[in-house]
Amino acid sequence: MIDHHTLKVRLEDPDSEEVKEFVKKQVELTESVLKKCDTREKLHDKLTKFYDYPKFGAPFREADKYFYFHNSGLQPQKVMYMQDSLDGKAEVLLDPNGLSEDGTVALSTYAVSEDAKYLAYALSSSGSDWVTVKVMRIEDKKVEPDTLSWVKFSGISWTNDSKGFFYSRYPAPKEGENLDAGTETNANLDHQLYYHFLGTDQSEDILCWENPENPQYTLGASVTEDGKFVLLYINEGCDPVNKLYYCDISTLPGGIEGCREKKSLPFVKLIDNFDAMYQAVANDDTVFTFLTNKDAPKYKLVRVDLKEPNTWTEIIPQSENDVLDSAVAVNGNQLVVSYMSDCKHVLQLRDLQSGSLLHNLPISIGSVDDVSARRKDSLFFIAFTSFLTPGTIYQCDLKSGVPDLKIFREIVVPGFDQTEFQVSQVFVPSKDGTKIPMFVMARKDIVLDGSHPCLLYGYGGFNISLTPYFSVSRVVLMRHLGLVYCLANIRGGGEYGEEWHKDGSLAKKQNCFDDFISSAEYLVSSGYTQPKKLAIEGGSNGGLLVGACTNQMPDLFGCSLAHVGVMDMLRFHKFTIGHAWTSDYGCSDKEEEFQWLIKYSPLHNVRRPWEQSNDRSSQYPPTLLLTADHDDRVVPLHTLKLLAVCISLTVPTCYLSFILVCLARFPFVKLIDNFDAMYQAVANDDTVFTFLTNKDAPKYKLVRVDLKEPNTWTEIIPQSENDVLDSAVAVNGNQLVVSYMSDCKHVLQLRDLQSGSLLHNLPISIGSVDDVSARRKDSLFFIAFTSFLTPGTIYQCDLKSGVPDLKIFREIVVPGFDQTEFQVSQVFVPSKDGTKIPMFVVARKDIVLDGSHPCLLYGYGGFNISLTPYFSVSRVVLMRHLGLVYCLANIRGGGEYGEEWHKDGSLAKKQNCFDDFISSAEYLVSSGYTQPKKLAIEGGSNGGLLVGACTNQRPDLFGCSLAHVGVMDMLRFHKFTIGHAWTSDYGCSDKEEEFQWLIKYSPLHNVRRPWEQSNDRSSQYPPTLLLTADHDDRVVPLHTLKLLATMQYVLCTSLENSPQTNPILGRIDCKAGHGSGRPTKKVIDEWADSYSFMAKVVGANWID
1 MIDHHTLKVR
11 LEDPDSEEVK
21 EFVKKQVELT
31 ESVLKKCDTR
41 EKLHDKLTKF
51 YDYPKFGAPF
61 READKYFYFH
71 NSGLQPQKVM
81 YMQDSLDGKA
91 EVLLDPNGLS
101 EDGTVALSTY
111 AVSEDAKYLA
121 YALSSSGSDW
131 VTVKVMRIED
141 KKVEPDTLSW
151 VKFSGISWTN
161 DSKGFFYSRY
171 PAPKEGENLD
181 AGTETNANLD
191 HQLYYHFLGT
201 DQSEDILCWE
211 NPENPQYTLG
221 ASVTEDGKFV
231 LLYINEGCDP
241 VNKLYYCDIS
251 TLPGGIEGCR
261 EKKSLPFVKL
271 IDNFDAMYQA
281 VANDDTVFTF
291 LTNKDAPKYK
301 LVRVDLKEPN
311 TWTEIIPQSE
321 NDVLDSAVAV
331 NGNQLVVSYM
341 SDCKHVLQLR
351 DLQSGSLLHN
361 LPISIGSVDD
371 VSARRKDSLF
381 FIAFTSFLTP
391 GTIYQCDLKS
401 GVPDLKIFRE
411 IVVPGFDQTE
421 FQVSQVFVPS
431 KDGTKIPMFV
441 MARKDIVLDG
451 SHPCLLYGYG
461 GFNISLTPYF
471 SVSRVVLMRH
481 LGLVYCLANI
491 RGGGEYGEEW
501 HKDGSLAKKQ
511 NCFDDFISSA
521 EYLVSSGYTQ
531 PKKLAIEGGS
541 NGGLLVGACT
551 NQMPDLFGCS
561 LAHVGVMDML
571 RFHKFTIGHA
581 WTSDYGCSDK
591 EEEFQWLIKY
601 SPLHNVRRPW
611 EQSNDRSSQY
621 PPTLLLTADH
631 DDRVVPLHTL
641 KLLAVCISLT
651 VPTCYLSFIL
661 VCLARFPFVK
671 LIDNFDAMYQ
681 AVANDDTVFT
691 FLTNKDAPKY
701 KLVRVDLKEP
711 NTWTEIIPQS
721 ENDVLDSAVA
731 VNGNQLVVSY
741 MSDCKHVLQL
751 RDLQSGSLLH
761 NLPISIGSVD
771 DVSARRKDSL
781 FFIAFTSFLT
791 PGTIYQCDLK
801 SGVPDLKIFR
811 EIVVPGFDQT
821 EFQVSQVFVP
831 SKDGTKIPMF
841 VVARKDIVLD
851 GSHPCLLYGY
861 GGFNISLTPY
871 FSVSRVVLMR
881 HLGLVYCLAN
891 IRGGGEYGEE
901 WHKDGSLAKK
911 QNCFDDFISS
921 AEYLVSSGYT
931 QPKKLAIEGG
941 SNGGLLVGAC
951 TNQRPDLFGC
961 SLAHVGVMDM
971 LRFHKFTIGH
981 AWTSDYGCSD
991 KEEEFQWLIK
1001 YSPLHNVRRP
1011 WEQSNDRSSQ
1021 YPPTLLLTAD
1031 HDDRVVPLHT
1041 LKLLATMQYV
1051 LCTSLENSPQ
1061 TNPILGRIDC
1071 KAGHGSGRPT
1081 KKVIDEWADS
1091 YSFMAKVVGA
1101 NWID
């Protein structure tokens, strides 16, 4: 039995003897099973035979030589050849097969110098991402002594003088660190860009760029074809977005060598944000053409002159349906453009200057693997493949002006006849109705009777598109096992552009699994197969896909094959380059994103199927988890941990309850281990607990569970249809004092704890229950009550006799206050969308509704906090001596009507709060209580945000704005003290979609000059007082100070003779915080300051 803590401690250490022993035993176990597979040897023989066919890559050209790759059939690695002409004799330039006895040293990346005198090449060992860069002199194939280490995620780009090249690397391990490159799990941080001069030691290489403030960035450099510029591409993750800097290396005094002491090249920042992807296609001196997804999720081509970096021109606009996949300059001023249309490639020849279509290039239905071209050449090559085409290399000559397209080389697989098979494309509706493309390949004329073994493959991540490609293994399976092969183009990939990608990432990752499961269900329902014959397969992110879908629908599959999968979604970012994947997955260090990940993480969602249903025979499908000891991208610990969990949890003879090893001091057991709902303990009898919860009950209910049977929950008091169950307190052994909120007022009941049945209504006045002070062991309890006109009443209730004996224990009296002078009413105001908003109106009795009264409207609207009637001395003074009408609006965002009311005023729906408040203000004017110039609004904290936003949106509606300790900077609030916790209500500007919500109403970012928004030059902001405190470490003072500075500048000091004559003031309280704990004197001082300001500006006269 291995729990998650044991996994963390043990299986994450690749050098641990325990891990090595675990791996050894798993290899032995797997081999013992595979030995019993009777087709294993036959498949091995057939695959070996079929795989023994010659493979070729498209030729590419440097100087006067051609280069290409070729594998004769079963060579471990492809070999690099060169020739002087296309029909000249080819000779081996670099054969990696001689570099190791077992063929595990591979050529990773390479670059030939502009004059074709040198080859720089990177070698990888045992499949690791780490490479060692070497240099060969092409003329005599002599390997130079140059050796570059600790290179990873790097290209190689020569300068046109062939003196050296740019490359990227990580810092070498610290002295004393024993690192087996390829098996380590350390995070890859601090990527650096270097330039290497031929014939020098790596220690003399010139540091060209680094970014220690952002250690997770990865860097790549590319020298333009004309040799004038080096472009620096900066990525922060795996999203198709990058920064782009450039350096004119032709004008460097002293050349690149002259930058040695500066430890950086003088890069100019053309794009310095991560809004979009930019990839250079061509340049004419300073005029660059880029492929980009800026405001174009299906991509487009744009042009900019570096001398005028703010002027961009669209050359090829975004297509309505197809994705612009690539563009390559050729033949001077032409482009070979590749579009992806329903997961298949289409090629076009276009004009580079205008983007206009010149010719369609007729290729078959399939995939373009490569377009090998140079701008200076009229001849270029296209590498093509499809499900039934092993490979075709086309040669296209543009010399005559009309494309001359012909087959240059065709790859033939002996014994393969494509006419035996058929390929179709279907579109499967996913769970949400989205149509998912899927290729289905099988022998011709199969009968759809459900009898066929079927293999469904998928990936769905990182904007990677799966297009048709040839596979020997697939042919062998179809021919000799009668298999139907299916490839599902699920969301998360790039098949339909960036929107398709985003719809399968971050909070929407579940879409990937729904798409894959829907594809599987289609194959069953359409008669291709049946669950027990349906296998699923995927690798890397596709391994995660297989793991998650196996957990979610184990009954749907007959076999699961997961290659090098990302299985631990809570810790993936801690190992090697895993931090870069947070752009697609999110990060468990952030609470909201933790909730996305925990729901599908394969490691954390292994369940026993027989415990989830009544079918004891239900189980996981046969599963093979594959990894590799030198996989330093998706490190083996992912697979090992999932394997250990599956073994411990899914063996029917080994019954396990929930396992948890204490990570802190106490051995807590996880009863509720998600953030789906609120649970608050009310009472317990040993292991039987009663909870108040909003689980599937936005107005709350009471439920009960026995900790011995944690999956069985019983409803005790169901959710009310109209009222919110606000609290429940156990008293008198087996009774409950239950408080409901009914239209923003409290109602008290006495109920039976065991059954939840109503025993008695407790008669209290209309108002608010501040507290129920009770113990279960006592029959006597107390109720603290208040209302707009009741300073405070404490009731005493005795249940000893069986009937509640309720009486006043203590009554709070305010000398000189007579509640009979005043009246309270409640109205329901229709908001902008028709929702009825409750509002309390408190005033002197029998006021005349003639619009003459000063009025103060108060609101909050956030964080599920309810505003109920409460007494306030300041309010009494204002009503009595200023004739003020006081109004409290119960706008959405609060908890007055339960969680739905809260959610309707948060996140993307936050504008509802402002609409509700503005509608309440308009009602007070239209009903004759007041007029705009006499209407003041007030709020604190989130209510300060409310006042700030509404003042921006309707400055004409108010005569005074009082904003206390308000959250005013909605783009940066999460960066200060506890502000990050508020993202659950507001969202977070770090996420593009949520940024768009916030920027629309953030008070700091929406200050406008009203006189410029209308024809009325006298229009201005109302008199405004922004209040904060120097020790407020909740909503830190900078919110108020920044808004104050912005308002004073934009509305007042930035203009001569500004129409803004109303004051914009700030009040900063010293030795004070967010509000709680202030001494009485400070409270009174603030009331006096803020309300005297209000009285003056709304024209309220003192009444003795």
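For the sequence shown, the UniProt record's numbering gives the first residue as 1, with consecutive numbering after it.
A virtual CB, placed ideally from N, CA and C, is assigned to each residue, including glycine.
Backbone CA spacing between residue 570 and residue 587 [nearest angstrom] = Stepping through the sequence shown from its first residue, residue 570 is reached at position 570. Stepping through the sequence shown from its first residue, residue 587 is reached at position 587. The straight-line gap from Cα to Cα measures roughly 7 Å.
Give the range of the alpha helix (DSSP H) segment to which residue 529 is assigned.
-> Stepping through the sequence shown from its first residue, residue 529 is reached at position 529. Segment: none, residue 529 is in no alpha helix (DSSP H) and carries neither H nor E.
Is residue 663 buried or exposed, if buried means 16 or more other CB atoms sit within 10 Å of its CB?
-> Here residue 663 refers to the residue found at position 663 when the sequence shown is read from its first residue. Note that residue 663 scores a pLDDT of 23, beneath 50, so its modelled location is shaky; the value from the coordinates is reported in the next line. Label assigned to residue 663: exposed.
Starting from residue 480, follow the alpha helix (DSSP H) in both directions and report where the run begins and ends.
-> For the purposes of this step, residue 480 is taken as residue 480 along the sequence shown, with counting starting at 1. Its alpha helix (DSSP H) spans residues 472-481.
Taking the DSSP output, what are the residues bridged to residue 838?
-> Here the question's residue 838 lines up with position 838 in the sequence shown. Answer is 828, bridged to residue 838.
Alpha carbon of residue 1082 to alpha carbon of residue 964, nearest angstrom = Mapped onto the sequence shown, residue 1082 falls at position 1082. Mapped onto the sequence shown, residue 964 falls at position 964. The straight-line gap separating the alpha-carbon atoms of residue 1082 and residue 964 is approximately 14 Å.
Residue 108 and residue 126 closer than 8 Å at C-beta = One-based indexing of the sequence shown puts residue 108 at position 108. One-based indexing of the sequence shown puts residue 126 at position 126. At least 8 Å separates the beta-carbon of residue 108 from that of residue 126.
What are the start and end residues of each continuous beta strand (DSSP E) run of 3 or more residues lying completely inside the region 286-314, in chain order?
-> Runs of the beta strand (DSSP E) lying entirely within the region 286-314, each at least 3 residues long, are 287-292 and 300-305 in chain order.
Unbroken alpha helix (DSSP H) run spanning residue 580, endpoints | Here the question's residue 580 lines up with position 580 in the sequence shown. Counting along the chain, residue 580 falls outside any alpha helix (DSSP H), and DSSP gives it neither H nor E.
Entirely within the region 995-1060 and at least 4 residues each: give me those alpha helix (DSSP H) ranges in chain order.
-> Those alpha helix (DSSP H) runs which fall completely within the region 995-1060 and span 4+ residues are 1010-1013 and 1038-1048.
Should residue 653 go down as buried or exposed, given a rule of 16 or more other Cβ atoms within 10 Å for buried?
-> The residue given as residue 653 occupies position 653 in the sequence shown. Legend: pLDDT at residue 653 = 25, less than 50; position of this residue unreliable, value from coordinates given subsequently. Sixteen is the threshold: since fewer than 16 other Cβ atoms of the shown chains lie within 10 Å of the Cβ of residue 653, the residue is exposed.
Please classify residue 261: does DSSP put it in a helix, a strand, or coil?
-> Residue 261 sits at position 261 when you count from the first residue of the sequence shown. In the structure shown, residue 261 adopts coil according to DSSP, grouped into three states.
Mind reading off the beta-carbon distance from residue 806 to residue 732? Whole number of angstroms is fine, and I expect it under 8 Å.
-> Here residue 806 is taken as the residue at index 806 of the sequence shown, counted from 1. Here residue 732 is taken as the residue at index 732 of the sequence shown, counted from 1. In fact, because the Cβ distance is near 14 Å, the residues do not count as touching under 8 Å.
Who are the Cβ neighbours of residue 1046 in its own chain at under 7 Å, not counting the five residues just before and after it?
-> Locating residue 1046 in the sequence shown gives position 1046, counting from the first residue. Exclusion of the five residues before and after residue 1046 leaves 1004 and 1007 as the residues of its chain whose Cβ lies within less than 7 Å of its Cβ.
So what does DSSP say about residue 573, is it helix, strand or coil?
-> Taking the sequence shown and counting its residues from 1, the one referred to as residue 573 is at position 573. Here residue 573 sits in helix by DSSP.
Just reading off the alpha helix (DSSP H) that residue 517 is part of, what are its end residues?
-> Residue 517 sits at position 517 when you count from the first residue of the sequence shown. Run containing residue 517: 510-525, per the alpha helix (DSSP H) assignment.
Pull up the DSSP beta-bridge partners for residue 909, would you.
-> Stepping through the sequence shown from its first residue, residue 909 is reached at position 909. Note: residue 909 sits in no beta bridge, so no partner.
Among 1041, 1025 and 1024, nearest to residue 1032 - alpha-carbon criterion | Taking the first residue of the sequence shown as 1, we reach residue 1032 at position 1032. Nearest C-alpha to residue 1032: 1041.
When burial is assigned at 16 or more other CB atoms within 10 Å of the CB, is residue 1049 buried or exposed?
-> In the sequence shown, counting from the first residue as 1, residue 1049 sits at position 1049. The residue in question, residue 1049, is exposed, as its Cβ has fewer than 16 Cβ neighbours within 10 Å.
Just mark residue 910 as buried or exposed, buried being the case when its beta carbon has 16 or more other beta carbons within 10 Å.
-> Looking up residue 910 in the sequence shown gives position 910. By the 10 Å Cβ count, residue 910 comes out buried.
Closest by C-alpha distance to residue 478, when choosing among 443, 499, 501 and 462 | Position 478 of the sequence shown, counted from the first residue, corresponds to residue 478. When each option's Cα is compared against that of residue 478, the closest is 443.
Residue burial classification, residue 1084 (beta-carbon count within 10 angstroms, cutoff 16) = Position 1084 of the sequence shown, counting from 1, holds the residue named residue 1084. Using a 10 angstroms sphere on the CB of residue 1084, the tally of other CB atoms stays under 16, which defines it as exposed.
Residue 538, DSSP secondary structure in three states = Counting from 1 along the sequence shown, the entry for residue 538 is found at position 538. Residue 538 falls in the strand class under three-state DSSP.
Contact under 8 Å by Cβ, residue 898 with residue 708 = Reading the sequence shown from its first residue, position 898 is the one you call residue 898. Reading the sequence shown from its first residue, position 708 is the one you call residue 708. In this structure, residue 708 does not lie closer than 8 Å to residue 898 by Cβ.
Could you check which residue in 979, 383 and 537 has the C-alpha nearest to that of residue 563?
-> In the sequence shown, residue 563 corresponds to position 563, counting from 1. Closest option to residue 563, Cα to Cα, is 537.
Three-state secondary structure (DSSP) at residue 48?
-> The residue given as residue 48 occupies position 48 in the sequence shown. Here residue 48 sits in helix by DSSP.
Considering residue 1066, what are the terminal residues of the beta strand (DSSP E) in which it resides?
-> Here residue 1066 is taken as the residue at index 1066 of the sequence shown, counted from 1. For residue 1066, the enclosing beta strand (DSSP E) covers residues 1064-1069.
Given residue 407, which residues of its chain have a CB within under 7 Å of its CB, disregarding the five upstream and five downstream residues?
-> Taking the first residue of the sequence shown as position 1, residue 407 is located at position 407. Here the set comprises 392 and 394.
DSSP puts residue 283 in a beta bridge; with which residues?
-> The sequence position of residue 283 within the sequence shown is 283, counting from 1. Partner(s): 288.
Residue ranges of each alpha helix (DSSP H) within the region 862-897, 4 or longer = As far as the region 862-897 is concerned, its whole alpha helix (DSSP H) runs of at least 4 residues are 873-882.
State buried or exposed for residue 461, treating a residue as buried only when at least 16 other CB atoms are found within 10 Å of its CB.
-> Here residue 461 refers to the residue found at position 461 of the sequence shown. The residue is buried, with at least 16 neighbouring Cβ atoms inside 10 Å.
What does a CB cutoff of less than 7 Å around residue 188 pick up in its chain, not counting 5 residues either side in sequence?
-> To locate residue 188, count along the sequence shown from 1; it is residue 188. Counting only Cβ-Cβ distances below 7 Å, and skipping sequence neighbours, we find 152, 170, 576 and 577.
Indicate the three-state DSSP secondary structure (helix, strand or coil) for residue 964 in the structure shown.
-> Position 964 of the sequence shown, counted from the first residue, corresponds to residue 964. Reduced to three states, the DSSP call for residue 964 is strand.
Going by DSSP, what residues sit across from residue 372 in a beta bridge?
-> Taking the first residue of the sequence shown as 1, we reach residue 372 at position 372. The partner list for residue 372 (beta bridge, DSSP) reads 381.
Residue burial classification, residue 996 (beta-carbon count within 10 angstroms, cutoff 16) = To locate residue 996, count along the sequence shown from 1; it is residue 996. Counting of Cβ neighbours within 10 angstroms places residue 996 among the exposed residues, the total staying below 16.
How is residue 243 classed by DSSP in three states: helix, strand or coil?
-> In the sequence shown, the residue the question calls residue 243 occupies position 243. Strand, per DSSP.
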